[in-house]
Amino acid sequence: MSRRAFEHMHLLILKSAELGDVEVDELCKVCDRHGIPYAIKGATDRISKQDFGSNGFTQIVSNTVLFDFYNDSQDALIPVTTTQYVYDCAEKQKGLHTRPYSPDPKHVLKDVHICIGNLPESDKQAIYGGVRALGGAYSETLSAFITHVISTDPNEDCVVAVQSVRGFNIKAVHPQWIDLCLKLRKKVDDAPYELNSKTVNEQQEKINELDVIEGAAELVKAQSKFLNGKSFYLGQDLDLTERSQELITSLIQNSGGVVVKSLDEAKFYIGQFRDGEEYITASRNKLYVGNMNWIYWMVEHQKWVTPYRKLLHHPYVRGGMPEMREFVISATNYTGDARFYIKNLVLALGANFTTSLKHSNTHLISGTPTGKKYEAALKWDMKIVNHLWLEECYSNWKLQPYNHPRYAASLSDKVDLTSIVGETTLDIEVLKKFYEDGFTEGVTNIVEDSEDDGPIFPDVSEKRRSMVLQDISQPSGLSHNASSAAADVPSGSSSALLSQIDIREDQAPIRDEEKQETSHLRPSVPPSHEESDKENDEHSNSQDLPDPGNKSVDAFTPRKLSSTNIIPSSVKTPAAKLTPDIPQRLPSGRKAKDMAAQRLHEDMEKLNYFQQQQRSRSKDAPLLPEEIEAKKRKREELLKKETRKSSSAEPEAPIKESPKSKKAKRATPVPSSPYHIIAVATGCDLSFSRPDTQILQSLGIMVHKELVEGTNAIVAPKLMRTEKFLTGLSYEIQHIISPDFLLAVLKTHKADPSSTQPLPKLTDYSIDKVDPKSVTALTPLGLNKLMEKCRERISNSDRVFKGIVFNITPKIPGGASTAQKILRAHGCKDVRVVKTIKEMKSMKSLKASTDGCVWFLTMENGFQERFKELTKESGTKTKIVGWEWVVASIFKMDFDVENVLFSS
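Residue numbers (the UniProt record's numbering): 1 to 904.
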C-alpha cells in the first residue's frame, strides 16, 4: 500500500483511562506499519498552543474529551477522533472524514447524514445548521453517504428514489424527527417517524398521536443555560417559516436565552446580510450583531462567545466582493472543518469554489507547497495563495495582492501556517462602513454559509500572531488590530489558533467535474464514516490523473452521463451547483422552488441511469468491450480444444448457455470461467478501472468491498484482525489470497488475451505462502485447516459462539457496533451494550446465555470489578473475556476455554 495516503498525517495520541497502554501499543504498531508519524502524551500533560503548532500535529487521537487543551483544539479546527478512526483509515488505506469518530458526547448526531426534500429554504438551513452543530452532516443532493432523507411527502421523487434503489440503507423520515433531535439534543428513535405509503394528512395525524418522549422535559431542563437570559431578535431578512422560527427559538430558549418580538427589547440581533433598516439600526445602537452560524456554534460548544471573533459569525455582504465574483477557487492540503471553513469563506466573498482543479480555476488555496493539485497549479501558471489571503480580503473587505510574500504557500517553510487557520477576526472599523452614513447597500445575493466551528481564545493571541509572522512585512492596507468601538462591541483582535493539515487532499485526483458528478451514485462503504459529499474529492479512491503538463485534460474524462449533468467550473453557476452543501440565497421563493426542483430532477436522472446500468449488465450491455469479448471467446475455444485433446476420460457434455436465463443478475461466475471467486477485499487498496473489473468478471473473479451472499474468498495482504476479515471467516471460505494474485491475472491476460498461456494459480498466492508469519501468529490450525473448520461449522449450523449472549462495553477495540457485527456473524444469540457502570444495578440487568452463564466482554477495570461484585452477590455462573479472547476463538474456530479473564 502507498504510504502517500498518510504523508500529511501527524497524530498526537493521548493516554487516558479510556485509552490504556495495551491499545496505545496496538495503535503504534498500526502507525508504524503505515508510516504515520505520531507522538504519545498523557491526557493530563500540559501542551501549549505554540508547542502544538510547532510540532505540526494534524489530529488528536483520544477516546475522551476530558483533557486540558480540548477547547484549544476545537478552536484551531483540529479534529479529535477515537482510536477507531486510525484502524478504519489503515484498513481502507485512505484518510476518512473525522466527524463520525468524535468522542465528544455532545455530538449526538455524528452518525447522521441528511438530505432534505422540498421543504422551504429557511427550514432547510435551520435543520442543516442544527444537525451540523450536533456533530452530523448534510448534503443537498442524494448520495450513497446519506442516512436519512427528510420529507413530508412519501410520494416525493427523492423518497421514492431511495426506497427503490437497493444497496443503500437510507431512511425517509418526517421533519418532526430531526426537529425533536435538535430540541432535545438527543438522537431519537426514527422508526415512528418513517414515511410510508399513507397520505400526507394520515402520516401527520399518526405523528401527532405519538406520545411525548419519556424524560423529554428533563432533557430540556438539563441542557446548559449558557445564554443566561440574553435577549435575541430574529431579523426579517432571515425569511423564517413558522417551522424554522420555532426550531431556532427552541434552540435559544433551551440554552437559556429569550427571543423577543421587537428590536427595541433586544440586546442581540440575528440577521443574514449587512444591509437593511434592522441591521443598520441594531449596529448603530451598539447591539451585538451576528448570524445563524453564531447561534449554531454556541449551541454546539455550549458556551457564549462574541460574534465578532469569527469572520463568518457576522451577517454577510449581499452579493459578495465585486472584484472576486469571477474568481474560481479550489483548495488543497486542508481537510475537515478547516476545509469547510475555507470553502464557506470563498463563497461569502462572492467567488466560486470547486472541489476539483481545472484550467478554468483562477486560484488555488494551498496550506503547504506539496501535492498534485499544487504541482498542477504551478505548471498551469495559476495563482497560488494560502488561507491568510482569503481571511484578510474578508476582514478588510478589500482585495489583497495575491503575490505578496505573506500569502505564499511556501511561507509554511518559515512559519507554521496551519497554526493560524481561522485566527483573523472582523475589523470593527471596516464594519462601520456598512452602517454609518454614506454606505451604499448592495443589490445582489450572496451565498448563505451553513456554519463555522471554533471557540474563542484570549486576546493574547495577537502576541502569538505577531511572533509567528514577525519576519514578514505586511502589504499596504492591511489592518488586523481592529479599533475598539463601543464598550459592548469587542475589538477585532486575532485569536491564537492551531490548524488542521489536510492528510491527503493533495493526492486526490485532479479530475473533471463529470467524474465528480457520477462518483457519489456508486454503492460504497456504509456512510458511518463519511462526513459529507462536500469533501468527497478528498477521500475518494485513487483514480488516474491527467498529466498537469498536458493541456488536454478532456482526454482523461470518463464517459458522460449526459451533457446536462455536467457543470464546468468555468461557467458562472449558482453556488449550490458547485458546492451542494451551502445553497445560494435566491431572490424569490418561486425561483428557490424552481432550482430545488431542478436539482431533484437531475438527481433522479442520475439515479435512474445508475439503476439502468445495474439492470443492463445481465441483459443488453456486454460485460466487456467488443474487442475484449471476442478475444475472450477465442481463448475459451482454444482451452476447450486443448481439454479434448489431453483428456482420455469420458468426453464431457458441452456446456450450453441459456439465453433465456433470468439468474444472470446474481454475481456468480459462469461455469466455463477459469476461476470461481466471489471475494471481499480488506486491508488493501483495490481500485480497478472498469475494463479491468470486466476482465476479472469474465474470468470468474468478483471482488466486492463488502461481504455479499456467496462470498468464498478473502483478498488481503496477510491474515488480519479487521472487521471484514473476522466476519468473512463466518462464510464458506475456500481461498484467502494476496491482492497480488489479481494484479498477476490482469497482467497475464492483458499480455495476450487470446493466448492459451496458463493463468496464475491460486495456490501460489495463498496467504500461507505469501506471509506465513501472519498465519502462525494468529491461528494454530494452519490456513487450510482454518478454512476447513469454517466450512464445517457452517454446514453443521454450529457457529463458534452459538447460543451465547454477550454483555459488552463500548470501549473495546473497534467499538461496540463493530464487535456486535462480528459476534453475531459467528453465531452469538444476542448482544447487550452496557454503556455505564451505573446500569449494572444487579445481575438481572445483564443478559444470560442459553445455559444460564452470564458472559461479560470488556477491557475496562471498573466494569470488571463491578461485575465480580455482582457475581459474588448473586452466585451466578459468569465469565469475563477480553477482545483478544474473541479473536483467538475465531481463529481457532473453537472456544478458547483457558484464557478467560475471570470465571465463576
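Heads up, the beta-carbon is just placed ideally off N, CA and C, and yes, glycines get one too.
Could you pull out every residue in the same chain whose Cβ sits closer than 8 Å to the Cβ of residue i, ignoring the five residues on either side in sequence?
{"i": "Leu399", "result": "Met321, Glu323, Met324 and Cys393"}
{"i": "Ile794", "result": "Ser730, Tyr731 and Glu732"}
{"i": "Tyr402", "result": "His363, Lys383, Val385 and Trp389"}
{"i": "Leu696", "result": "Phe688, Met702, Val703, Leu742, Val745 and Leu746"}
So, for residue i: in the same chain, excluding its five sequence neighbours on each side, which residues have a beta-carbon less than 6 Å away from its beta-carbon?
{"i": "Gly136", "result": "Leu109 and Val112"}
{"i": "Val65", "result": "Pro103 and Asp104"}
{"i": "Ile127", "result": "Ile178"}
{"i": "Phe891", "result": "Leu778 and Thr779"}
{"i": "Met843", "result": "Leu870, Ser874 and Thr876"}
{"i": "Glu300", "result": "Ala133"}
{"i": "Ile812", "result": "Ala819, Met859 and Trp883"}
{"i": "Thr241", "result": "Pro120, Ser122 and Asp123"}
{"i": "Gln245", "result": "none"}
{"i": "Ile384", "result": "Leu364, Ser366, Ala377 and Ala409"}
{"i": "Lys724", "result": "Val680 and Thr682"}
{"i": "Phe434", "result": "Arg274"}
Bridge partners of residue i, per DSSP?
{"i": "Cys115", "result": "Val149"}
{"i": "Gln59", "result": "Leu11"}
{"i": "Leu364", "result": "Ser330 and Ile384"}
{"i": "Ser766", "result": "Ile737"}
{"i": "Ala172", "result": "Val149"}
{"i": "Asn807", "result": "Arg832 and Phe856"}
{"i": "Ser16", "result": "Leu19"}
{"i": "Tyr288", "result": "Phe268"}
{"i": "Gly42", "result": "Lys15"}
{"i": "Val260", "result": "Tyr233"}
{"i": "Tyr731", "result": "In the DSSP output, where bridge partners are listed per residue, Tyr731 has none listed."}
Restricting to Cα atoms, I'd like to know which of the options is closest to residue i.
{"i": "Leu729", "options": "Thr682, Lys750, Leu743 and Pro760", "result": "Thr682"}
{"i": "Gly56", "options": "Asn63, Pro810 and Leu12", "result": "Leu12"}
{"i": "Asp21", "options": "Asn344, Asn63, Gln93 and Leu134", "result": "Asn63"}
{"i": "Gly95", "options": "Pro717, Gly336, Ser903 and Leu378", "result": "Gly336"}
{"i": "Thr424", "options": "Gln163, Phe69, Gln820 and Ala76", "result": "Ala76"}
{"i": "Asn285", "options": "Phe268, Lys773 and Ile295", "result": "Phe268"}
{"i": "Ser16", "options": "Gly130, Asn403, Ala43 and Thr332", "result": "Ala43"}
{"i": "Leu238", "options": "Ala351, Glu278, Glu265 and Tyr85", "result": "Glu278"}
{"i": "His313", "options": "Asn293, Ser330, Met298 and Thr332", "result": "Asn293"}
{"i": "Val886", "options": "Ile804, Cys115 and Val131", "result": "Ile804"}
{"i": "Gly371", "options": "Ala331, Leu783 and Val160", "result": "Ala331"}
{"i": "Gln302", "options": "Arg185, Pro401 and Lys821", "result": "Arg185"}
{"i": "residue 916", "options": "Asp830, Ile822, Lys789 and Ser904", "result": "Limits of the chain in this structure are 1 at one end and 904 at the other, which puts residue 916 out of reach."}
{"i": "Lys29", "options": "Tyr70, Tyr87, Ile47 and Thr81", "result": "Tyr87"}
{"i": "Thr727", "options": "Ser817, Gln74 and Val260", "result": "Ser817"}
Under three-state DSSP, which class holds residue i?
{"i": "His313", "result": "helix"}
{"i": "Leu857", "result": "strand"}
{"i": "Val900", "result": "coil"}
{"i": "His34", "result": "helix"}
{"i": "His704", "result": "strand"}
{"i": "Phe232", "result": "strand"}
{"i": "Asp157", "result": "helix"}
{"i": "Phe891", "result": "helix"}
{"i": "residue 909", "result": "In the structure displayed, the chain extends from 1 to 904; residue 909 sits before or after that span and is not available."}
{"i": "Ile678", "result": "strand"}
{"i": "Val775", "result": "helix"}
{"i": "Asn352", "result": "strand"}
{"i": "Glu538", "result": "Any answer about Glu538 is weak, because its pLDDT of 40 lies below 50 and its placement is not dependable; what the coordinates show is given next. Helix."}
Within a Cβ cutoff of 7 Å, which residues of the same chain sit near residue i, ignoring the five residues on either side of it in sequence?
{"i": "Leu227", "result": "Ile252, Ser255, Gly256, Gly257 and Trp304"}
{"i": "His826", "result": "Ser730, Arg799, Val800, Phe801 and Ile890"}
{"i": "Glu706", "result": "Val680"}
{"i": "Asn201", "result": "In this prediction, Asn201 has a pLDDT of 49, which is less than 50 and means its spatial position is unreliable; what the coordinates show is noted afterwards. Around Asn201: no qualifying Cβ."}
{"i": "Ser18", "result": "Residue identity differs from the one stated: residue 18 is Glu in this sequence, not Ser. The residues are Asn63, Thr64 and Lys811."}
{"i": "Leu783", "result": "Ile736, Ser766, Ile767, Asp768 and Val775"}
Less than 8 Å between CB atoms is the rule here; does residue i satisfy it with respect to chain C?
{"i": "Val162", "result": "Although the question refers to chain C, the structure presented lacks it and comprises just one protein chain."}
Next item on the list: State whether the stretch 672 to 679 contacts the stretch 699 to 718, with contact taken as three or more CB pairs (one from each stretch) at a distance under 8 Å.
Entry: By the Cβ test, the stretch 672 to 679 is in contact with the stretch 699 to 718, since at least three Cβ pairs between them sit closer than 8 Å.
Notebook entry, point to check: Would the stretch 355 to 369 and the stretch 328 to 345 be scored as touching if the rule is three or more Cβ pairs under 8 Å?
Noted result: The stretch 355 to 369 is in contact with the stretch 328 to 345.
Check: For the stretch 841 to 857 against the stretch 737 to 750, are there 3 or more C-beta pairs whose distance is under 8 Å?
Finding: Because the criterion of three Cβ pairs below 8 Å is not met, the stretch 841 to 857 and the stretch 737 to 750 do not touch.
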